[in-house]
Amino acid sequence: MLSKMLSPVLRALPALALITGLSATAASAETAEGYWQGVQKAGVLRCGAAVAPPYVMRDPASGEYSGFFADLCREFADVLKVKPQFVDTTWDNIVAGLQAGKWDLSLALNRTPARAMAVQFSIPAMEYQISLAYNKNNPKIPAGATSVADIDKKDVTLAVMSGTAQDKAISVAVKNATILRLPGNDETRLAVVSRRADVLVDASDTNQLFTQSNPDWAVALNPEPALAKQGVAFGLPHQLSAADAEVVNIFLEEKVATGHVDELIHKAVDEVLKSSQ
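Quick note on numbering: the sequence shown equals residues -26 to -1, 1 to 251 in mature numbering (1 follows the signal peptide of the UniProt record, and there is no 0).
This is how it looks when you write it as structure tokens:
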């Protein structure tokens, strides 16, 4: 008798479970929130910014940021309809700060396998390679230098920004030269100008600015074989979903395809050259 009474109840259980499951799924879908929706609620897009002209620049007097990656941060903030906020950092800390949630994006980050184990990347905004800038009258540098091996001498000092992709690349490549690691862009250039260092190791476009600012004596070479050729991108939080990463990628795809990124780069280069005159 008891089994007969329970049978209708037992038959109803799968249907009840299905309804309950669907309700839970629907509730989860309703409460699920993407990363950028959280940024929109906060009203601020935080961009970790380490100085490296023409990618990111900071006016020491006003604290205002410029450079084409700073512009891209502002434009992505416009897409999200929030305010951009630049968080000052160094190249030594730009990955760790993103991991710690101190900002939402890291600006102008080179895509490397080591960094990819710690953070995600957007698609590249541009391609990058490392070059070597130096005084053409420096007797330590051979006139026909074409490779890192040509300048890898015991009496040669290489200036590089500490913690950058170029720091990591040159550290692996040299065996004899001294590497002088300095905190910022201005310090590395001053080291070469003052002859404290012989060679400036930096991005090819950044070194081009340096040689254009010092045309009487500065030259640069893109070593063969290449030290590094990498994409320069936004660094993204490691836990970011594929859907949230796609938001940034679609934004960048359009900016690159329409030539807008090239326009921003030219504007930033002009700004650097004007400030050095």
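We treat Cβ as the ideally placed atom computed from N, Cα and C, and that holds for glycine.
- In the three-state scheme derived from DSSP, where H, G and I count as helix and E and B as strand, lysine 149 is classed as coil.
- Assignment of valine 235 by DSSP, reduced to helix, strand and coil, places it in the helix class.
- For tryptophan 10, the number of other beta carbons within 10 angstroms of its own is at least 16, and it is reported as buried.
- Cysteine 47 sits away from leucine 72, with the two beta carbons spaced by 8 Å or more.
- When beta bridges are read from the DSSP output, serine 40 appears opposite Met31.
- Positions of the beta strand (DSSP E) runs, each at least 3 residues long and wholly inside the segment 118 to 185, are given as 131 to 135, 152 to 156 and 173 to 177 in order along the chain.
- Per DSSP, reduced to three states, the secondary structure at glutamate 101 is strand.
- Residue pairing from DSSP leaves leucine 81 without any beta-bridge partner.
- With a contact defined as Cβ atoms closer than 8 Å, phenylalanine 43 and valine 25 miss out at about 11 Å.
- Counting other Cβ atoms within 10 Å of its Cβ, leucine 83 reaches 16 or more and is therefore classed as buried.
- Glycine 209 sits in a strand when the DSSP states are folded into three classes.
- Secondary structure of lysine 15 (DSSP, three-state): helix.
- Our two residues, threonine 86 and glutamate 237, have alpha carbons roughly 26 Å apart in a direct line.
- The beta carbon of alanine 119 is closer than 7 Å to those of Ile125 and Leu195 in its chain, skipping five residues each way along the sequence.
- Take tryptophan 65, set aside five residues on each side of it, and the residues of its chain with a beta-carbon closer than 7 Å to its own are Ala24, Met135, Ser136, Gly137 and Thr138, in chain order.
- Pairing valine 146 with aspartate 172 gives a Cβ-Cβ distance that is not under 8 Å.
- Its chain contains Phe50 and Val53 as the residues whose beta carbon lies nearer than 7 Å to that of phenylalanine 225, once the 5 sequence neighbours on both sides are disregarded; these appear in chain order.
- In the three-state DSSP reduction, aspartate 190 falls in the coil class, being neither helix nor strand.
- Leaving aside the five residues that flank valine 230 on each side, none in its chain has a CB nearer than 6 Å to its CB.
- Annotation for proline 199: no beta strand (DSSP E) segment contains it, and DSSP assigns it neither H nor E.
- If you keep only unbroken beta strand (DSSP E) runs of at least 3 residues inside the segment 47 to 76, you get 57 to 62.
- The closest CA to that of cysteine 21, considering only Pro27, Gly12, Ile68 and Gly37, is found on Ile68.
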